[in-house]
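Chemist: Numbered by this note's numbering, the letters in the sequence shown go through residues 1 to 608 in order.
Backbone N, C-alpha and C define an ideal beta-carbon position, used for all residues, glycine too.
Keep in mind that this is a model prediction, so the values were computed, not measured.
Sharing a structure with you now.
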Amino acid sequence: MADDRILCLEKLRVETIAGRVLVDDVDVELKRGEILGLIGESGAGKSTIGLASMAYARAGMRITGGTITLAGTELRASTALYRRHTRGKSIAYIAQSAAASFNPGMTLMDQVCEAPVVHGVMGRAEAEVYAKKLFRTLQLPNPDTIGDRYPHQVSGGQLQRVMAAMAMSCRPDVIVLDEPTTALDVTTQIEVLALLRDLIAEFGTAGLYITHDLAVVAQIAHRIMVLRHGKTIECGDTVQILEHPRTDYCRALVNERRDAEHLTLSVPDRAAPPILRVRDVTAGYGTAAAARNAVAVVKNASFDLAKGETLAIVGESGSGKSTMARIVTGLLPRWSGDIELAGKSLPPALGRRPNDILRRLQMVHQMPDTALNPRQTLAQIIGRPVALFFGRGRAEVRARVLELLRLVGLPEEFADRKPGQLSGGQKQRVCIARALAAEPEVIICDEPTSALDPLVAEEVLKLLKGLQDRLGLAYVFITHDLGTVRRIAHRTAVMLKGEIIAQGPTEQIFSPPYHPYTEKLILSVPEMHTTWLDEILQKRGGAAGLVAGAAERPAEVTPAARAAAADAGAVAETERMAAREVLGEGRGAAGLEALQTEVRNLKGMMEI
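This is the structure in structure tokens:
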């Protein structure tokens with residue numbers, strides 16, 4: 001094997017215990033400092049290959065063929081003790097769902113420091129110093145104290161960055177990145193992509209980057225491997241795959257990203273009373289009465305939703321989008337204001353709402369890993385609302401479950417599987433099926449397609465639209481994918497720091513003259529060519545509405561950003577990125593130079 005190849009998988013084969021082939025005859029080769037992008041639809045085997053690169057298979061699966069060579073050692077032929085020593089130290093893994101990967105009973109610092117201490121890479125004190133350096137480089141708020149928090153006390157985007165710090169904590173040779181930017185908004189995604197790319201290049205680490213977003217992989221990968229049904233369809237240089245794909249399937253993936261079909265939207269009756277009315281709602285964490293400890297996350301928000309209408313809510317992490325969803329559904333009681341469903345005021349708390357209200361107002365959560373009971377089968381998960389709200393017998397419930405599985409594009413035989421046996425995209429479709437089981441009038445969709453590959457996401461969007469046309473469903477669609485918003489939303493509301501700063505017909509919101517913040521979001525959407533990230537980073541110092549503001553800022557956050565971070569630190573389970581909450585703040589040329597210095601400092605700490 002060539003000296004510069006750090007990871008080599010040859011003729012890899014992974015099967016279920018029952019003998020069903022999941023990955024068949026796949027070859028992967030990685031050199032130091034190189035990033036290989038794995039692309040494919042949900043269930044194509046991307047994550048299975050990523051885990052297999054550590055000689056690991058999920059429960060119910062096994063590696064049945066091929067070799068896995070890391071730094072000259074064949075892992076399948078090594079001892080279990082050696083493989084355990086290798087995982088986390090020589091090869092690290094950043095999971096798709098950070099929320100499901102952390103121990104809720106340990107602080108973030110304890111979890112980041114655990115691997116380097118256990119593997120003998122460094123002592124606890126040194127590990128803490130290095131962890132704080134990583135926190136700064138990954139632009140986490142309050143890097144000196146964020147390690148004292150528990151996983152539920154930071155946002156999903158922040159947790160994903162902490163997981164990246166955990167992966168780098170042992171100075172690995174290879175990092176497997178499984179959808180590391182899926183949970184991030186477009187502006188935060190830019191910085192994380194740049195950071196990951198620079199860290200991998202500086203440290204000579206190899207990266208296996210798993211994603212379904214071709215525009216993202218175009219910015220970070222040197223080569224791309226396209227998978228389907230566990231087999232390699234095409235592998236080549238990134239530019240070649242994007243510009244001159246050789247297979248029909250690859251051409252379909254590229255064209256789907258570039259030429260997404262504009263869905264013809266039905267016209268809702270705006271003259272009729274709205275199905276959902278939100279008026280002057282304020283809410284947050286803590287109690288309004290205890291002003292010292294209370295943090296208002298949503299402030300004086302108002303909007304209407306007509307029957308059969310889709311209202312998109314967009315904004316950066318920390319803008320209050322997901323918190324708004326929790327308020328409407330009663331998961332987070334509002335402090336003030338009113339919410340009406342079909343003209344009836346809703347009790348603030350979920351527990352005080354009658355079953356009929358619960359049935360008519362459903363939610364699809366952003367992270368299916370934390371929304372699905374891992375011990376239940378899909379039949380139990382989807383069948384529960386059918387039995388609860390309609391009182392149907394076992395046979396009727398089973399029939400309805402199978403119907404709903406077909407409706408969301410899952411095979412009927414999945415009914416007896418558990419969530420752990422599904423891909424991320426398949427789990428999200430189960431969440432949609434569960435919401436539909438209640439036959440609701442309004443569905444709050446919190447990033448429902450963020451975990452899906454483009455082809456499957458397109459099917460889900462068409463499914464949601466078809467259900468809307470047929471049943472008159474109304475959607476509140478929370479997302480950071482502006483391309484999706486333009487295609488499926490009748491109206492759009494833009495949130496900034498807990499307030500709705502603009503709302504109206506989607507065409508109007510995304511047409512000049514833009515609100516400056518809306519323009520910032522639009523210009524931060526990745527484009528599918530390999531130079532886009534570098535171009536956008538160069539423009540950050542001056543272009544209006546980009547991640548950077550008119551003025552450059554030094555490596556340390558401004559006092560305003562620090563104050564925003566302090567407020568955000570008290571807010572649990574919301575999407576908030578403190579430095580990004582101060583809009584117009586960003587890294588210009590000086591900031592980028594400081595970032596490169598930070599990376600060099602980290603590299604120095606890694607030298608033994």
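Report yes if the CB atom of G43 is closer than 7 angstroms to the CB atom of S423, and no otherwise.
Modeler: Position 43 of the sequence shown holds residue 43. Position 423 of the sequence shown holds residue 423. Note that the C-beta distance between G43 and S423 is below 7 angstroms.
Chemist: Could you say which of M528, R58, A167 lies nearest to M109 if we only look at CA atoms?
Modeler: Counting from 1 along the sequence shown, the entry for residue 109 is found at position 109. Comparing Cα positions, the closest option is A167.
Chemist: For N255, which three-state DSSP category applies?
Modeler: To locate residue 255, count along the sequence shown from 1; it is residue 255. Residue state, collapsed to three classes: helix.
Chemist: For my contact list, T492 and T449 are in at a C-beta cut-off of 8 angstroms; report their separation, rounded to the angstrom.
Modeler: Residue mapping note: residue 492 aligns to position 492 of the sequence shown, counting from 1. Residue mapping note: residue 449 aligns to position 449 of the sequence shown, counting from 1. Not really, about 16 angstroms apart at Cβ, beyond 8 angstroms.
Chemist: Assuming P348 contacts P333 (C-beta within less than 8 angstroms), just tell me the rounded distance between them.
Modeler: Locating residue 348 in the sequence shown gives position 348, counting from the first residue. Locating residue 333 in the sequence shown gives position 333, counting from the first residue. About 4 angstroms; that satisfies the 8 angstroms criterion.
Chemist: Do P440 and P374 have their beta-carbon atoms positioned less than 7 angstroms apart in this structure?
Modeler: Within the sequence shown, numbered from 1, the residue matching residue 374 stands at position 374. Within the sequence shown, numbered from 1, the residue matching residue 440 stands at position 440. No, these two residues do not count as a Cβ contact at 7 angstroms.
Chemist: Taking all protein chains shown into account, do 16 or more other C-beta atoms lie within 10 angstroms of the C-beta of A481, making it buried, or fewer, making it exposed?
Modeler: Taking the first residue of the sequence shown as 1, we reach residue 481 at position 481. The sequence shown places Asp at residue 481, rather than the Ala named in the question. When all chains shown are included, D481 counts as buried.
Chemist: Verify whether the separation of the beta carbon atoms of E126 and T67 is less than 7 angstroms.
Modeler: For the purposes of this step, residue 126 is taken as residue 126 along the sequence shown, with counting starting at 1. For the purposes of this step, residue 67 is taken as residue 67 along the sequence shown, with counting starting at 1. Contact: no.
Chemist: When burial is assigned at 16 or more other CB atoms within 10 Å of the CB, is S53 buried or exposed?
Modeler: As a position in the sequence shown, residue 53 is number 53, starting the count at 1. Counting C-beta atoms within 10 angstroms of its own C-beta, S53 has 16 or more neighbours from the protein chains shown and is therefore classed as buried.
Chemist: Measuring CB to CB, does A371 end up less than 7 angstroms from C431?
Modeler: Position 371 of the sequence shown holds residue 371. Position 431 of the sequence shown holds residue 431. Result yes, Cβ atoms of A371 and C431 sit closer than 7 angstroms.
Chemist: Ignore the nearest five residues each way along the sequence and tell me which others in A100's own chain have a CB closer than 8 angstroms to its CB.
Modeler: By one-based count along the sequence shown, residue 100 stands at place 100. The residues are M367, D369, T370.
Chemist: Ignoring anything shorter than 4 residues or poking outside the stretch 302-356, list the alpha helix (DSSP H) runs there in chain order.
Modeler: 321-329
Chemist: Could you check the C-alpha separation between G343 and R136 for me, to the nearest Å?
Modeler: Translated into positions along the sequence shown, residue 343 becomes position 343. Translated into positions along the sequence shown, residue 136 becomes position 136. The alpha-carbon atoms of G343 and R136 are separated by roughly 49 angstroms.
Chemist: Could you tell me the distance, in whole angstroms, from the CA atom of D356 to the CA atom of T310?
Modeler: Here residue 356 refers to the residue found at position 356 of the sequence shown. Here residue 310 refers to the residue found at position 310 of the sequence shown. Cα-Cα distance, rounded: 22 angstroms.
Chemist: Excluding the five sequence neighbours on either side, which residues of its own chain have a C-beta within less than 7 angstroms of the C-beta of K46, listed in chain order?
Modeler: By 1-based counting over the sequence shown, the position of residue 46 is 46. Counting only Cβ-Cβ distances below 7 angstroms, and skipping sequence neighbours, we find L38, G40, I210, L227.
Chemist: Around the Cβ of G351, are there at least 16 other Cβ atoms within 10 angstroms (buried) or fewer (exposed)?
Modeler: As a position in the sequence shown, residue 351 is number 351, starting the count at 1. Exposed, by the Cβ-count rule.
Chemist: Inspect the beta-carbon positions of L22 and T64 and report whether they are closer than 7 angstroms.
Modeler: Residue mapping note: residue 22 aligns to position 22 of the sequence shown, counting from 1. Residue mapping note: residue 64 aligns to position 64 of the sequence shown, counting from 1. It is not a contact, given that the beta carbons lie outside the stated cut-off.
Chemist: Pop quiz: L214 and M495 are said to be a contact at Cβ under 8 angstroms. What is the actual Cβ separation, rounded to whole angstroms?
Modeler: Here residue 214 corresponds to residue number 214 of the sequence shown, with the count starting at 1. Here residue 495 corresponds to residue number 495 of the sequence shown, with the count starting at 1. Not really, about 28 angstroms apart at Cβ, beyond 8 angstroms.
Chemist: Looking at G204: is its Cβ nearer than 7 angstroms to the Cβ of T282?
Modeler: Start at 1 with the first residue of the sequence shown, and residue 204 comes out as number 204. Start at 1 with the first residue of the sequence shown, and residue 282 comes out as number 282. Taking 7 angstroms as the Cβ cut-off, G204 and T282 do not qualify as a contacting pair.
Chemist: How about I91 and L70: do their beta carbons lie closer than 7 angstroms?
Modeler: Counted from its first residue, the sequence shown places residue 91 at position 91. Counted from its first residue, the sequence shown places residue 70 at position 70. Yes; because the gap between Cβ atoms is below 7 angstroms, this pair is in contact.
Chemist: Roughly how many whole angstroms lie between the Cα atoms of A206 and D198?
Modeler: Taking the first residue of the sequence shown as position 1, residue 206 is located at position 206. Taking the first residue of the sequence shown as position 1, residue 198 is located at position 198. Distance between the alpha carbons of A206 and D198 is about 12 angstroms.
Chemist: Starting from K520, trace the alpha helix (DSSP H) in both directions and tell me its first and last residue.
Modeler: Position 520 of the sequence shown, counted from the start, is the residue given in the question as residue 520. Counting along the chain, the alpha helix (DSSP H) containing K520 begins and ends at 516-523.
Chemist: Taking only the alpha-carbon atoms, compute the straight-line gap between A570 and L358 and give it to the nearest angstrom.
Modeler: For the purposes of this step, residue 570 is taken as the residue at position 570 of the sequence shown. For the purposes of this step, residue 358 is taken as the residue at position 358 of the sequence shown. The pLDDT assigned to A570 is 34, lower than 50, so where the model puts this residue is not dependable, and the model offers no usable value.
Chemist: Which residues bound the alpha helix (DSSP H) around I275?
Modeler: Residue mapping note: residue 275 aligns to position 275 of the sequence shown, counting from 1. Note, I275: premise wrong, no alpha helix (DSSP H); not H, not E.
Chemist: Here's a check: name, in chain order, each residue in its chain whose Cβ is nearer than 7 angstroms to the Cβ of A438, leaving out the five neighbours to either side.
Modeler: What you label residue 438 is simply residue 438 of the sequence shown in a count that begins at 1. The beta carbon of A438 sits closer than 7 angstroms to those of R359, Q362, P385, F389, all from its chain and outside the five residues before and after it, given in chain order.
Chemist: Helix, strand or coil for I94, going by three-state DSSP, please let me know.
Modeler: Here residue 94 refers to the residue found at position 94 of the sequence shown. Reduced to three states, the DSSP call for I94 is strand.
Chemist: With a threshold of 8 angstroms on Cβ separation, who are the neighbours of P411 within its own chain once the five nearest residues in sequence on each side are excluded?
Modeler: Along the sequence shown, read from residue 1 onward, the residue named residue 411 stands at position 411. Cβ within range, chain order: L405.
Chemist: Given a cut-off of 7 angstroms on the beta-carbon distance, is the pair I339 and V278 in contact?
Modeler: Indexing the sequence shown from 1 puts residue 339 at position 339. Indexing the sequence shown from 1 puts residue 278 at position 278. The answer is yes: Cβ separation under 7 angstroms.
Chemist: How many whole angstroms separate the CB atoms of I190 and I536, which I take to be in contact at a CB cut-off of 8 angstroms?
Modeler: Taking the sequence shown and counting its residues from 1, one reaches residue 190 at position 190. Taking the sequence shown and counting its residues from 1, one reaches residue 536 at position 536. Indeed they touch by this definition, with Cβ atoms about 6 angstroms apart.
Chemist: Would you tell me roughly how many angstroms separate the C-alpha atoms of R587 and E34, rounded to the nearest one?
Modeler: The residue you call residue 587 lines up with position 587 of the sequence shown. The residue you call residue 34 lines up with position 34 of the sequence shown. Note on R587: pLDDT 36, under 50, position unreliable in the model; no value is reported.
Chemist: If I follow the unbroken alpha helix (DSSP H) through P385, where does it start and stop?
Modeler: Counting from one through the sequence shown, the residue named residue 385 turns up at place 385. Start and end: 378-390.
Chemist: Assign K231 to one of three DSSP states: helix, strand, or coil.
Modeler: In the sequence shown, residue 231 corresponds to position 231, counting from 1. Looking at K231 - three-state DSSP - the assignment turns out to be strand.
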